[in-house]
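Undergrad: First, the structure itself, so that you have it in front of you.
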Amino acid sequence: MGYTIYYRMEFGERKRAIKVIKPILEELGFTVYEKDAEILIKPPTNSVEPMIIKEKEWLSVKTYKRQPWTGIYKLLLVSLSSFASVEAFDDEGWSLR
């Protein structure tokens, strides 16, 4: 059964956000890079989808509720709320608004 996190953000300080989150995620084995207007966050496993961040667009990422990946993605969204306006929710009622 699938499990999905839905999210949207509008950055105030995009470059600063990347400067803060990139080294932390890389220490956890993630790959973080920018491609055009996107931020791509690839976990060190193929069992969950990479997170793609595009400003002002609703996106989603399937994690199948696998840990620690689901928890890391949720913590990432909470952390990014320091640099952006973030709205997020999941299939089970968790929300960040």
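1301 is the number of the first residue of the sequence shown in our numbering; add one for each residue after it.
Just so it is clear, CB atoms sit at the ideal spot from N, CA and C, and this is done for glycine as well.
1. Going along the chain, which residues of its own chain have a beta-carbon closer than 6 angstroms to the beta-carbon of Ile1353, five neighbours each way excluded?
2. What's the call for Pro1343, buried or exposed, on a 16-neighbour Cβ count within 10 Å?
3. Mind checking whether Leu1359 and Ala1317 have CB atoms under 8 angstroms apart?
4. For Ala1384, which beta-bridge partners are listed by DSSP?
5. Can you give me the C-alpha to C-alpha distance between Ile1324 and Ile1372, rounded to a whole angstrom?
6. Am I right that Gly1312 and Phe1383 are in contact with their C-beta atoms under 8 angstroms? What's the rounded C-beta distance?
7. Quick one: what's got a C-beta closer than 7 angstroms to Ala1337's C-beta in the same chain, skipping five residues either side?
TA: Result, derived from the coordinates:
1. Ile1339
2. buried
3. Contact flag unset, no.
4. When beta bridges are read from the DSSP output, Ala1384 appears opposite Phe1311.
5. 11 angstroms
6. 6 angstroms
7. Lys1354, Glu1355
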